[in-house]
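Each remark here refers to the structure printed beneath this line.
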Amino acid sequence: MSERDAEHQQWWRHAVTYEVYVRSFADADGDGVGDLPGLTARLPHLRDLGVDALWITPFYRSPQRDHGYDVADYTDVDPLFGTLDDADALVARAHELDLRVIVDLVPNHTSSEHPWFRAALEAGPGSPERARYLFREGRGADGSLPPNNWRSVFGGAAWTRVPDGQWYLHLFDSSQPDLNWRNPEVGDMFESVLRFWLDRGVDGFRIDVAHGLVKEEGLRDQVVPEGSEPGSAAPTGGSMIERTLRDEPMWDQPEVHEVYRRWRRVLDEYAGPRGDRILVAEAWTQTPESMARFVRPDEMHQAFNFSWLLAPWSAEAFAAVVTGTLEAVGPVGGSPTWVLSNHDVIRHPTRYGGGPRGLARARAATLTMLALPGSAYLYQGEELGLEEVDVAPEHRTDPSWFRTGEAGRDGCRVPLPWDGDAAPYGFGPGTGQPWLPQPAGWGPRSVAAQQADPGSTLAFYRAALAARRTFATTAGESVTDLRVEGAVLSFRRGPVTVVLNCGSEAVPLPPGEVLASSAPAGTVLSRDLPADCAVWLRDPAAR
Ligand code: GLC
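Listed below in structure tokens is the structure:
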């Protein structure tokens, strides 16, 4: 295979993928909730941005208790989002625009409205229907205590009792019962779901909670050292991310990898003229090494590398993540990924302190990430420099808010502003607020406003992605000369030197032609690199 053919086949190795949170991207029918026709109509935005692929959050039939991550039918589109024909039209239009489409698969749990769970409730204890989920007897004399001490990621106990006295496990909301992946029926069902969407032409799957499917046999108690609480908060600040407990009988069990080996064989059957169909893991593993296990040659193609997202604003921390990631992924032949934001975490300009400084840092971290080998994942709205929105309690919808009283993830999910000066800012044809209210004063953040402004964050993203194309596929898979000097991180990737200034003072710049910079438009970078800024320099000799 020529190098060009290999690059086409393995398009994912250097792809930039854009996450579409479907409820909040674009609304065609005016009901205030984003939908598939809305997304299809706005695909040119993604082409113009310069990404290679989009990942769409779940649009299957669902009671929407966790906004689609509670699936009642894996092979149909929820009427809220459109129809199967709309899904076909979306895939076809994306392919016309040379964009690949990754859909979201939720195999850890179904909705409690899924026919399997309804049948399980009806059939009663000991039935084959119950064996598709994790039903157990309670503890205590009358079984009124949960079967073990596990906590839901969304807060509270991970068990709910049903009227006949048994309990079922849900690592998330009680409307999301966990499947029993030790039951072969479950694996067979998901293989048919994979084939259903592959036959419709999707280019891959993002696997939700990929580290959770199989639980340790016996469902023993989690060991909780005295004085600590089992994790109980939402993914914005809780057990999936800031995990203080080391003992995890519910996560990252060795048997989970058998599932992905089977899926990989299925996907490989479908590799075709558009190249590989891929699997990408959402796996909140504890170490880069355990992340790397998901991307061994016969398993998934990629896994989200959350360590970049979790790193504080520090040259040393970023350097440690780069080294740790490449050291873990390299030996298994995997391709690293980098991500700063998604629909579960606080938007990165806000994490970096908000306001102009938060945005400057966000742009700098993004530019640095885009120079690294492997592929990058962007989250809708980051190209507009959107910050986390402070959603008023009466408008919050995240199940973790209802279970814990903590703010939850609504703030990064507010519908996008496309144009105009007032809600819904072109999000849909309706008037007034969409499903989550948009803030006043978002007009200058809209796509239309930023399109017209060469100094906008949108213009910065487009320029960075265009510059990335000039070297990303040819610059090799390694990072060299990685250095931390004071608060400055620098490294080389092929012909490009990257410098990131995490300090509060300007620093002298090495020689080289400026290929891209995160500085505000109009800043001439000649001798110095300002604070909170990153730059790509091309060796004069490399032209
Ligand atoms: C994943 C999703 C998140 C969802 C959870 C349960 O972490 O990204 O949004 O709530 O899984 O499916």
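The sequence shown lines up with residues 4 to 546 when you count with the numbering used here.
Ideal Cβ placement from N, Cα and C applies to all residues, glycine included.
Predicted, not measured: the structure shown is a model, and the values here were computed from it.
Is Val-487 near the ligand GLC - that is, is its Cβ less than 8 Å away from at least one heavy atom of it? In the sequence shown, residue 487 corresponds to position 484, counting from 1. Every heavy atom of the ligand GLC is 8 Å or more from the Cβ of Val-487, so no.
Could you please give the first and the last residue of the uninterrupted alpha helix (DSSP H) stretch that includes Ala-469? The residue labelled residue 469 in the question sits at position 466 within the sequence shown. Residues 460-472.
I want to check one thing, is the minimum distance from the CB of Gln-289 to the heavy atoms of the ligand GLC below 8 Å? Along the sequence shown, read from residue 1 onward, the residue named residue 289 stands at position 286. Answer for Gln-289: no, Cβ out of range of the ligand GLC.
Beta-carbon proximity of Trp-266 to Glu-194, cut-off 9 Å: On the sequence shown, residue 266 is found 263 positions in, with the first residue counted as 1. On the sequence shown, residue 194 is found 191 positions in, with the first residue counted as 1. In this structure, Glu-194 lies closer than 9 Å to Trp-266 by Cβ.
DSSP three-state call for Ala-236: helix, strand or coil? Within the sequence shown, numbered from 1, the residue matching residue 236 stands at position 233. Its pLDDT being 35, under 50, Ala-236 is placed unreliably in this model, and the coordinates cannot settle the point.
Can you look up Glu-285 in the DSSP assignment and give me helix, strand or coil? Residue mapping note: residue 285 aligns to position 282 of the sequence shown, counting from 1. It is coil, neither helix nor strand.
Would the beta-carbon of Glu-285 be found less than 8 Å away from any heavy atom of the ligand GLC? By 1-based counting over the sequence shown, the position of residue 285 is 282. It does: the Cβ of Glu-285 is within 8 Å (strictly closer) of some heavy atom of the ligand GLC.
How many angstroms separate the CA atom of Ala-161 from the CA atom of Pro-118? Working through the sequence shown from its first residue, we reach residue 161 at position 158. Working through the sequence shown from its first residue, we reach residue 118 at position 115. Each residue's Cα considered, the two are about 21 Å apart.
Kindly indicate the opening and closing residues of the beta strand (DSSP E) around Val-58. Residue 58 sits at position 55 when you count from the first residue of the sequence shown. It should be noted that the sequence gives Trp, not Val, for residue 58. Taken as a continuous stretch (DSSP letters only), the beta strand (DSSP E) holding Trp-58 covers 56-59.
Specify the secondary structure class of Val-74 as computed by DSSP and reduced to three states. Reading the sequence shown from its first residue, position 71 is the one you call residue 74. Of the three classes helix, strand and coil, the one that applies to Val-74 here is coil, per DSSP.
Alpha-carbon spacing of Glu-116 relative to Leu-313, whole angstroms: Along the sequence shown, one-based indexing puts residue 116 at 113. Along the sequence shown, one-based indexing puts residue 313 at 310. So the two alpha carbons sit approximately 34 Å from each other.
CB-CB length for Ala-75 against Ser-114, believed under 8 Å: Residue mapping note: residue 75 aligns to position 72 of the sequence shown, counting from 1. Residue mapping note: residue 114 aligns to position 111 of the sequence shown, counting from 1. Right, the Cβ-Cβ distance comes to about 4 Å (below 8 Å), so this counts as a contact.
Pair within 9 Å by beta-carbon distance, His-173 and His-112: Position 170 of the sequence shown holds residue 173. Position 109 of the sequence shown holds residue 112. Closer than 9 Å, so yes.
Nearest to Ser-147 by alpha carbon, out of Trp-153, Tyr-136, Ser-155, Thr-163? The residue given as residue 147 occupies position 144 in the sequence shown. Nearest option by C-alpha distance: Thr-163.
Under 8 Å from any heavy atom of the ligand GLC, does the C-beta of His-112 make it? If you number the sequence shown from 1, residue 112 lands on position 109. The answer is yes for His-112.
Stretch pair the segment 141-158 + the segment 77-97: three plus CB contacts closer than 8 Å: no
Taking the CB atoms as reference points, tell me whether Leu-381 and Val-19 lie closer together than 9 Å. Within the sequence shown, numbered from 1, the residue matching residue 381 stands at position 378. Within the sequence shown, numbered from 1, the residue matching residue 19 stands at position 16. Yes, the Cβ-Cβ distance between Leu-381 and Val-19 is below 9 Å.
Looking only at its chain, what residues have a beta carbon closer than 7 Å to the beta carbon of Asp-301, apart from the 5 residues adjacent to it on each side? Within the sequence shown, numbered from 1, the residue matching residue 301 stands at position 298. Excluding sequence neighbours, Asp-301 sits near Arg-264, Arg-267.
Should Val-325 and Phe-494 be called a contact, given that it needs their Cβ atoms to be closer than 9 Å? Counting from 1 along the sequence shown, the entry for residue 325 is found at position 322. Counting from 1 along the sequence shown, the entry for residue 494 is found at position 491. Their beta carbons are under 9 Å apart, which means Val-325 touches Phe-494 by this criterion.
For Trp-539 and Val-217, what's the separation of their Cα atoms in angstroms? Looking up residue 539 in the sequence shown gives position 536. Looking up residue 217 in the sequence shown gives position 214. Near 43 Å, if we compare the C-alpha coordinates of Val-217 and Trp-539.
Once DSSP output is grouped into helix, strand and coil, what is the label at Arg-16? For the purposes of this step, residue 16 is taken as the residue at position 13 of the sequence shown. Here Arg-16 sits in helix by DSSP.
Three-way DSSP call (helix, strand, coil) for Val-106 in this model: Here residue 106 is taken as the residue at index 103 of the sequence shown, counted from 1. Of the three classes helix, strand and coil, the one that applies to Val-106 here is strand, per DSSP.
Taking the C-alpha atoms as reference points, what is the distance between Leu-270 and Asp-81? Looking up residue 270 in the sequence shown gives position 267. Looking up residue 81 in the sequence shown gives position 78. Roughly 25 Å between the two C-alpha positions.
What runs of the alpha helix (DSSP H), each 4 residues or longer, lie entirely inside the segment 388-418? 402-407
When a residue counts only if its C-beta is closer than 5 Å to some heavy atom of the ligand GLC, which residues count, in chain order? Asp-69, Tyr-72, Phe-175, Asp-211, Val-212, Asp-347
Looking only at its chain, what residues have a beta carbon closer than 6 Å to the beta carbon of Gly-278, apart from the 5 residues adjacent to it on each side? Counting from one through the sequence shown, the residue named residue 278 turns up at place 275. Here the set comprises His-11, Gln-12, Trp-14.
Here's the rule: buried if 16 or more other CB atoms are within 10 angstroms of the residue's CB, otherwise exposed. What is Thr-483? Position 480 of the sequence shown, counted from the first residue, corresponds to residue 483. With fewer than 16 other Cβ atoms within 10 Å, it is exposed.
Is the number of C-beta pairs between the segment 464-475 and the segment 352-365 that are closer than 8 Å three or more? no
Tell me the rounded alpha-carbon separation between Leu-370 and Ser-481. As a first step, residue 370 must be located in the sequence shown, where it is residue number 367. As a first step, residue 481 must be located in the sequence shown, where it is residue number 478. Cα to Cα, Leu-370 sits roughly 17 Å from Ser-481.
Taking the alpha carbon of Pro-396 as the reference point, which residue from Gly-408, Glu-390, Glu-385, Glu-386 has its own alpha carbon closest? For this step, residue 396 is matched to residue 393 along the sequence shown. With distances taken between Cα atoms, Pro-396 lies closest to Gly-408.
Looking at the secondary structure, which residues open and close the alpha helix (DSSP H) in which Trp-550 lies? Since the first residue shown for the chain is 4 and the last is 546, residue 550 is missing from the structure and cannot be characterised.
If you scan the segment 438-522 from start to end, which runs of the beta strand (DSSP E) of 3 or more residues do you find wholly inside it? 483-488, 491-496, 499-504, 516-520
Using only CA atoms, which one of Val-54, Leu-52, His-48, Leu-83 lies nearest to Tyr-63? For the purposes of this step, residue 63 is taken as residue 60 along the sequence shown, with counting starting at 1. For Tyr-63, the nearest C-alpha among the options comes from Leu-83.
Classify Ser-310 as helix, strand or coil using the three-state DSSP reduction. Counting from 1 along the sequence shown, the entry for residue 310 is found at position 307. Helix, per DSSP.
Under the three-state reduction of DSSP, which class applies to Trp-119: helix, strand or coil? Your numbering for residue 119 matches position 116 in the sequence shown. Correct three-state label for Trp-119: helix.
Using 9 Å as the threshold, is the C-beta distance between Leu-39 and Leu-57 below it? As a first step, residue 39 must be located in the sequence shown, where it is residue number 36. As a first step, residue 57 must be located in the sequence shown, where it is residue number 54. Their beta carbons are not under 9 Å apart, which means Leu-39 does not touch Leu-57 by this criterion.
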